[in-house]
Structure formats: C-alpha cells, structure tokens
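**Q** Chains A and B supply the protein sequences, listed in that same order.
Per numbering that gives the first Met the number 0, the first sequence starts with residue 0, numbered consecutively.
Per numbering that gives the first Met the number 0, the second sequence starts with residue 0, numbered consecutively.
Glycine is no exception: its CB is placed at the ideal position from the N, C-alpha and C atoms.
2 protein chains.
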Amino acid sequence: MDPNYDQESRSRSAPTGEIDNQPAEKKRRLTVEQVNMLEKSFEEENKLEPERKTELAKMLGLPQRQVAVWFQNRKARCKIKKIERDYDVLKACYDSLLAKHESVISENEKLKSKVFTLTEMLLPAAHQTQRNLQGKLNSKGDDETMSSSTALVPLANDHYFTNVDESFGWWVWPSNLM
Amino acid sequence: MDPNYDQESRSRSAPTGEIDNQPAEKKRRLTVEQVNMLEKSFEEENKLEPERKTELAKMLGLPQRQVAVWFQNRKARCKIKKIERDYDVLKACYDSLLAKHESVISENEKLKSKVFTLTEMLLPAAHQTQRNLQGKLNSKGDDETMSSSTALVPLANDHYFTNVDESFGWWVWPSNLM
DNA sequence: TTATAATGTAATTAC
DNA sequence: GTAATTACATTATT
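In structure tokens:
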C-alpha cells in the first residue's frame, strides 16, 4: 500500500495552444524553433514584459504561463552559469597573482642576499662577529654567502651583483671597478 | 482587459498540508517528516543502494521511483552549493594571498632602498656617477635616498637600517659602530 | 547524469 | 488588502 502518490500526476491536459495537430501528447519538450525564438528573445532582453510575453506566446503557440515559466527557468540557468564563470575568472586571477607573488618572493631573496653581502663588505668588524656566530648556528656551512670574501673591491664582480640592474636599470658600474 | 496573466494552472486548490485524508489532490510536496528522513539518510550516504531505496520507500510510504528522484535532485543541489562554496573559499585564498603579496612588495621596496644606499656608501666613485645621472632623471629630488650622506659610518644609524633585523634577526651591529 | 519543464510558495509590487 | 508577478526551491521527466 502506498496511498501517498498518484502516478498520473504529470498529464498536461492543457490546451497546448493553436498549432497542436498532434493528439495532445505530453508535450514536454519545446520544439527547436520555439526554443530558438525564446532564446533570441531572452538574449535581447532578459526581463519579460507582459506585452512581450503575450506576443511571444501568440507567436509560438504557447500559453503565456509557459512562456513565463521558460523565462524564469532560463534566468535560473543563467545565474548558475554566471557563478561558474565567476569562479573561472577568479581562478585565473589567483593563478596570475600567485605567479607574480612567487616572482617577487624570489626577487626578495636576491635582494636579501645583496643586502647581506653589501653589509658584509661594508663592515669588516661586523664580518668577524658574523663568522663567529655562523660557526655556532650554521656549522655545516650550507650558506655560501658566508665564505666568499673579506675584501671590499673584489666582490664587485661577484655573482651577487649579476642582477643588480633589475632594480636599478639606469645604474652604471664605474669602469674602474669592473 | 488584462491579457497578461493566465489564471489556469495557478489555481491549485488547497493542498491542505500533510494530513491528506482527501484522496483527490496531487500530493506534490513531501511532508516535513519525509524530507527530514530523506535528508538524514542522504547525509549518512549520498549514494542510494537499491536496498536502502526499498527500505526508505517502505518507511516513508513513497514509491521507490520518487525516492530515487529525490536523491538525484538532492545530489544536483549539492553540486551547485559546492560550486558556491568553492568560490567563497577561493575568494578568501585570493584575498589572503593579495595581502601577503602587498606586504612582500613593500618589503621589497625597503630592500631596494637598502641595496641602493649600501651601494652608495660602498662606492664613492659610483656615487658621483649616480648623482650626475640623478640630476638628469630626477631633478625634482623626490627620492630622499639620494640626499642623505656620502660618508660611510654616519649612515649606520640612519632610518634605512631600522628594519634590517627583519632579514637578519641574528645579526648584531658591532657596538663600535652604533 | 544532465538539462529542462513544471509546480509550490514566500516575498514583492501595484492597484 | 489583494491580485499579479517574480524569485527561488522543489519535484519530475527525458
């Protein structure tokens, strides 16, 4: 026993309009021409004025109600498509920003190296201090910035400076130091 | 004369809610209890095995068909909700990354200033070149890093160095230079 | 399963 | 106030 459901429920006894030469079947799908016209109309204007509704209904041989329903459903579809598009756009923005971010992080590391090395060059006394500290903190010697130099001038051609012109494109190394 | 609305199909005479002892009406809505149980079942397991379908249908007094349809529609709803959630999550990630990015950009600017100033301190000859160039490129003098010093030591206390410990937390300025 | 049609209702708008 | 209309969720079909 299930008293809770009636199988027939869906039988559209509706008049189905004028062009109904078929024996009034379920008529669930709209014809391609009908959809095309509705689609075209929707594209022109997603809002359905009563006047346009009447006109469309007459033109397509559909009850106004059905035209209204179609527009509502079309609008709903439109909305979820929009959400998907929004997601894709945002994803692209995110990926782009992420790439930029990583590039800037990398530039940042280079700059830190430069600052470190320049400071080292500038302060021989500090350099001593730092070597002492490094002996305790970094005894495996995995940071090559520590071991390259103690003098001022020879570092000018060091690899730490190969990208200096990224930051100061107009900078020119004085020829006497090259 | 109001051709703008079709009365038919809107009538729906009183579904009267749940206690449907009237045999006639088209029982389209499920009762709250039915929905609750379906919802609970769906939460436990979004896949509907034939066995569970039968059981649920019997328990709720619904045709299996209707139970199956409910699960399918529920799944579809679930999917579009997921898209919305995904969007929100991604948006949060994006905003977070953007903030980080801006912070790194800012750090970057500071580092560039440091590199510039340190280089200036290090290379009096280059300093001359640079001042000449600046005279052409930047005659309004809107970059204060240009005008502060030419000597080596006095700069050590300058504001360009106030954040040095961000990059080298373990660094200690030698006391003789402070 | 996906897309689409139809229905149920609450909220909104206009008369 | 209430009829008309829309927006949104739900149910159903293909």
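So, for B/LYS99: in the same chain, excluding its five sequence neighbours on each side, which residues have a beta-carbon less than 8 Å away from its beta-carbon?
**A** Excluding positions up to five away in sequence, the list is empty.
**Q** Nearest-angstrom Cα distance between B/GLU101 and B/ARG84?
**A** Looking at the two C-alpha atoms, the distance is approximately 26 Å.
**Q** Look at the alpha carbon of B/LYS39 and the alpha carbon of B/LYS52, and state the distance between them as a whole number of angstroms.
**A** Going by the C-alpha atoms only, they are around 14 Å apart.
**Q** How about the stretch 66–83 of chain A and the stretch 68–77 of chain B: do they share at least three Cβ pairs that are nearer than 8 Å?
**A** In short, these stretches do not touch, since the Cβ pair count stays below three.
**Q** I want to see whether chain B comes within less than 8 Å of A/ASP85, judged by CB atoms only; does it?
**A** Yes, because at least one Cβ of chain B sits closer than 8 Å to the Cβ of A/ASP85.
**Q** Counting only the same chain and skipping the five closest in sequence on each side, list residues whose C-beta sits under 6 Å from that of A/ALA56.
**A** Excluding positions up to five away in sequence, the list reads GLN63, VAL66.
**Q** Quick one: list the residues of chain B neighbouring A/LEU97, beta-carbon separation under 8 Å, in chain order.
**A** Neighbours of A/LEU97 on chain B, chain order: LEU96.
**Q** Could you tell me the boundaries of the alpha helix (DSSP H) in which A/PRO261 lies?
**A** Here chain A comprises residues numbered 0 to 177, so residue 261 of chain A is not present and cannot be evaluated.
**Q** Apply the 10 Å Cβ neighbour rule to A/GLU119 and answer buried if 16 or more other Cβ atoms are within range, or exposed otherwise.
**A** Result: buried.
**Q** Mind listing the chain B neighbours of A/GLU106? Cutoff is C-beta to C-beta under 8 Å, in chain order.
**A** What A/GLU106 touches in chain B: ASN107.
**Q** Mind checking A/THR30: buried by the 16 CB within 10 Å criterion, or exposed?
**A** The residue in question, A/THR30, is exposed, as its Cβ has fewer than 16 Cβ neighbours within 10 Å.
**Q** Measuring straight from C-alpha to C-alpha, what distance separates A/LYS80 and A/LYS113?
**A** Taking the straight line from one Cα to the other gives about 50 Å.
**Q** Does DSSP put B/GLU44 in a helix, in a strand, or in coil?
**A** Here B/GLU44 sits in coil by DSSP.
**Q** Quick one: which chain A residues come within Cβ less than 8 Å of B/CYS77?
**A** Correct list: empty, because the minimum Cβ distance to chain A is about 13 Å.
**Q** Since A/VAL103 meets chain B, which of its residues come closer than 8 Å, beta carbon to beta carbon?
**A** Within chain B, the residues near A/VAL103 are HIS100, VAL103, ILE104, ASN107.
**Q** Between B/LYS81 and chain A, is the shortest Cβ-Cβ distance under 8 Å, so that the two count as touching?
**A** Chain A contact via Cβ: absent.
**Q** Which first and last residues belong to the alpha helix (DSSP H) in which B/THR116 is found?
**A** Unbroken alpha helix (DSSP H) run through B/THR116: 63–121.
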